[in-house]
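Just so you know, the working numbering puts 231 at position 231 of the sequence shown, and the rest follows in order with no gaps.
Read the structure below first, then the notes.
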Amino acid sequence: RYLETEADQEEERQRPTDDLDLCSPACIEDVRAPETHERGQPSTTVAPASSEPAEKGPSLAEVAETEEPTAWTSLQWQDDFTGAGHEPLKGKQFNDMIMAKASAGEILDLLDVSLLEFSVVNAVTALHRIAKAEDGHRWRKDPRIHYLNRRITAMFTSSKKDEMDKKETGRRVPGEDWVYYIDTRSLCNAAWAFAHLGLKHDAMMDIVSEETCRKIFDCSAQQLAMCAWSFAKMSRRDLQLMQSLADEAVQRLAEFSPQHIMNTVWACAKLNFLHVRLLVAIADAALPLLEDFTPQHLSITAWGLATLGFRHLPLMDGIAKEVLINLRAFKAQNIANTAWAYSTLGIYQRDLFDKLADFSTPRLRHFSPQNLSNLVWSYSNMRLRHEGLFQAVAKETCARIDEFDPKALAMLTSSFASMRVRHEVLFEAVRCAAETRLDSFQARDLESLAVAFATAQIRADSLFEAIVRRSRTMLADFNSLDLANLALALRTKASWEDPDTATADLLSDIARHAIPQLRAGNAPSQALVDFAWSFRALPLANLQDFWTAWSSEVLRKMSRHDLRHLVALEALSPAPTRAAVGQQLGRVTHAMDSPPHD
């Protein structure tokens, strides 16, 4: 999957799917996923602060390229919390002043004068408005924001000392200590502002989590979704908080809007938080609301459920119908996410896939490289060969080959190879691009590229030589499945020409690096099969240790999965699946019957 996630390539230009921004209106367009790097996974990001999405603000990458505001360095404030305070009514005046400011810079100017008089509501409002301002990201490193965060943390901490929840904005009793009442709105707004600005402050987030759990019954539906989104955006996997939010959300889903549903599903997916009771309740609540879902709501909800592996057919059927009705309103990111979701869940919707392909083909220039890769992977994974789409993607890829990063390039090439679409021009363009940038390829990318060219039987001697050289320096980074796939690619290439010395040496190194992983029990069954097919007929010396480790792992797996039961299952399988089960069982037994160790 190629994600990790929708957190961020498309975000560099127009905040992508992975980045749902609830504070700005086009909240979700980022697919750079989960990044559990299995082939095909898109990425996604979601962000809340209002119940409706808002226009995407500048990405962090764009902000980095703009001129940084002049740093405010004459920090003269006393670093204590023992000032005279103010009357409660003055807090409303400060809030009105903050809300009247048009930019983050103006709010920071107000802090220069009045920060020590701010109540907790004033301080959180200031931080929240800075995050929502168009120039907020440009000021995120200003020392006044750092100081404001410290003040808020101290306020949150002091609130925990007060056993009586009294809504006061000034001193509670005479003395040196300030005591504040922190409501759920302040907690959620602070978390959202930190997530939106990309700030880090573990102490504050720990307090926000603890206080939110304690006051969970006071949270509104929007605050529940916003808090979940904020922690997911910051990649903070707080299980206690997520459990509390999920349990409360199950009871309150009747209050959830499509936006809240989307943000909650996205947050669960981003944090890999599988709460079945919540997802079932969300699916039931979403079904009658699907007509009110925007393309963004539909695609991100589907993406989140697919990322979690949650297959709710009634909801997915309903989403498919709404997609077909509103297809003309779908953007490239929405299309790629939708196709990826149905493919990942293995839900065969032929009409949906045909319409998505027909609609996308003349609009591929609007697709990012990652969107193109995810789209083609989706059809390849479902074994759907849409000739027009594949040819159009190949043409678009050749024209923009320099825009593809290694993961997108490897995934797209693998998709074409697995569908036996032997597009010579595309493979030549990929070869040239890969050879010039091979040092930037990770282990999985190298393996995918090698497998793709070997499967398609495209002669690319210079590329394979480069892959062999590069792979030998990074075999320690390969997991067992990567090693097996790379060995299989080299063995496939050797089937139509004799392996050279460098290739033979690499295969020996692969076998040597596989031994510890086999002994540790880290090799899945597919890796065992691929290892057997790769090494069984090659004239390689010194493989006795490898075959010993391989045989031990096979026997260990067989002891847990009795082959007699597998044979019985083949006999009992219905006719449409019996051939596939028998074929796979035959491959395993055939691969096991002739290794040199025997």
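Virtual Cβ for every residue (Gly too), placed ideally from N, Cα, C.
Look at Ser257 and Ile216 and say whether their C-beta atoms are less than 7 Å apart.
If you number the sequence shown from 1, residue 257 lands on position 257. If you number the sequence shown from 1, residue 216 lands on position 216. Cβ distance not < 7 Å, so Ser257 and Ile216 don't count as in contact.
Take Ala104 and list the residues in its own chain whose beta-carbon comes closer than 6 Å to its own, dropping the five residues that flank it on each side.
In the sequence shown, residue 104 corresponds to position 104, counting from 1. Closer than 6 Å at the Cβ level, and outside the excluded window around Ala104, lie Ile130, Ala133, Asp135, Gly136 and Trp139.
Using a 10 Å radius around the Cβ and a threshold of 16 neighbouring Cβ atoms, would you call Asp238 buried or exposed?
Translated into the one-based positions of the sequence shown, residue 238 becomes position 238. Asp238 is buried by the Cβ-count criterion.
Let me know the secondary structure DSSP gives Tyr348 once reduced to three states.
Mapped onto the sequence shown, residue 348 falls at position 348. Tyr348 falls in the coil class under three-state DSSP.
Considering Cys268, what are the terminal residues of the alpha helix (DSSP H) in which it resides?
Reading the sequence shown from its first residue, position 268 is the one you call residue 268. It spans Pro258 to Lys270 - the alpha helix (DSSP H) in which Cys268 sits, taken as one unbroken run.
Here's a check: name, in chain order, each residue in its chain whose Cβ is nearer than 6 Å to the Cβ of Ala433, leaving out the five neighbours to either side.
What you label residue 433 is simply residue 433 of the sequence shown in a count that begins at 1. Closer than 6 Å at Cβ, skipping near neighbours: Ile401.
If Asn479 and Val451 are in contact, beta carbons under 8 Å, what's the gap, nearest whole angstrom?
Looking up residue 479 in the sequence shown gives position 479. Looking up residue 451 in the sequence shown gives position 451. With a Cβ gap of about 15 Å, Asn479 and Val451 do not count as contacting.
In whole angstroms, give me the CA-to-CA distance for Asp482 and Ile335.
By 1-based counting over the sequence shown, the position of residue 482 is 482. By 1-based counting over the sequence shown, the position of residue 335 is 335. Going from the Cα of Asp482 to the Cα of Ile335 covers about 30 Å.
Is the Cβ-Cβ distance between Ile510 and Ala489 less than 7 Å?
Within the sequence shown, numbered from 1, the residue matching residue 510 stands at position 510. Within the sequence shown, numbered from 1, the residue matching residue 489 stands at position 489. Not a contact, by the Cβ cut-off of 7 Å.
On the premise that Leu345 lies in contact with Pro314, defined as a C-beta separation below 8 Å, what is that separation, rounded to the nearest angstrom?
Numbered from 1 along the sequence shown, position 314 holds the residue referred to as residue 314. Numbered from 1 along the sequence shown, position 345 holds the residue referred to as residue 345. Their Cβ separation, rounded to whole angstroms, is 13 Å, which puts Pro314 and Leu345 out of contact at 8 Å.
Buried or exposed: where does Gln526 fall if 16 or more other Cβ atoms within 10 Å of its Cβ makes it buried?
The residue labelled residue 526 in the question sits at position 526 within the sequence shown. The residue is exposed, with fewer than 16 neighbouring Cβ atoms inside 10 Å.
To test your reading of the DSSP string, which unbroken alpha helix (DSSP H) runs of 4 or more residues are found completely within the segment 499-552?
Whole alpha helix (DSSP H) segments, 4+ residues: 501-519 and 525-535.
Please determine, among Met419, His386 and Phe367, the residue with the shortest C-alpha to C-alpha distance to Ala399.
By one-based count along the sequence shown, residue 399 stands at place 399. Measuring from the Cα of Ala399, the nearest candidate turns out to be Phe367.
Between which two residues does the alpha helix (DSSP H) harbouring Leu239 extend?
Position 239 of the sequence shown, counted from the start, is the residue given in the question as residue 239. That run of the alpha helix (DSSP H) goes Leu239 to Arg252.
So, helix, strand or coil for Met382, using DSSP?
Residue mapping note: residue 382 aligns to position 382 of the sequence shown, counting from 1. Correct three-state label for Met382: coil.
Could you check whether the segment 376-386 touches the segment 322-342, counting it as contact only if at least three pairs of C-beta atoms, one from each stretch, sit closer than 8 Å?
The segment 376-386 is in contact with the segment 322-342.
Indicate the three-state DSSP secondary structure (helix, strand or coil) for Gln642 in the structure shown.
Residue 642 lies beyond the range of the chain shown here (1 to 598); nothing can be said about it.
Express the C-alpha separation of Leu463 and Asn381 in angstroms, rounding to a whole number.
What you label residue 381 is simply residue 381 of the sequence shown in a count that begins at 1. What you label residue 463 is simply residue 463 of the sequence shown in a count that begins at 1. If you take the alpha carbons of Asn381 and Leu463, they lie about 26 Å apart.
Please confirm if Ser508 has its CB atom under 7 Å from at least one CB of chain C.
As a matter of chain content, chain C is missing from the structure shown, which is built from one protein chain.
I think Ala193 touches Leu127, with their Cβ atoms under 8 Å apart; what is that distance to the nearest whole Å?
Taking the sequence shown and counting its residues from 1, one reaches residue 193 at position 193. Taking the sequence shown and counting its residues from 1, one reaches residue 127 at position 127. 5 Å between Cβ atoms; contact.
Is it true that the CB of Ile458 sits closer than 7 Å to the CB of Phe427?
Locating residue 427 in the sequence shown gives position 427, counting from the first residue. Locating residue 458 in the sequence shown gives position 458, counting from the first residue. Their beta carbons are under 7 Å apart, which means Phe427 touches Ile458 by this criterion.
Please report the distance separating the alpha-carbon of Ala306 from that of Phe118.
On the sequence shown, residue 306 is found 306 positions in, with the first residue counted as 1. On the sequence shown, residue 118 is found 118 positions in, with the first residue counted as 1. Looking at the two C-alpha atoms, the distance is approximately 45 Å.
Do Asn122 and Asn149 count as a contact pair if the criterion is CB distance below 7 Å?
Start at 1 with the first residue of the sequence shown, and residue 149 comes out as number 149. Start at 1 with the first residue of the sequence shown, and residue 122 comes out as number 122. The answer is no: Cβ separation not under 7 Å.
Go ahead and pull the three-state DSSP assignment for Ile182.
Counted from its first residue, the sequence shown places residue 182 at position 182. It is coil, neither helix nor strand.
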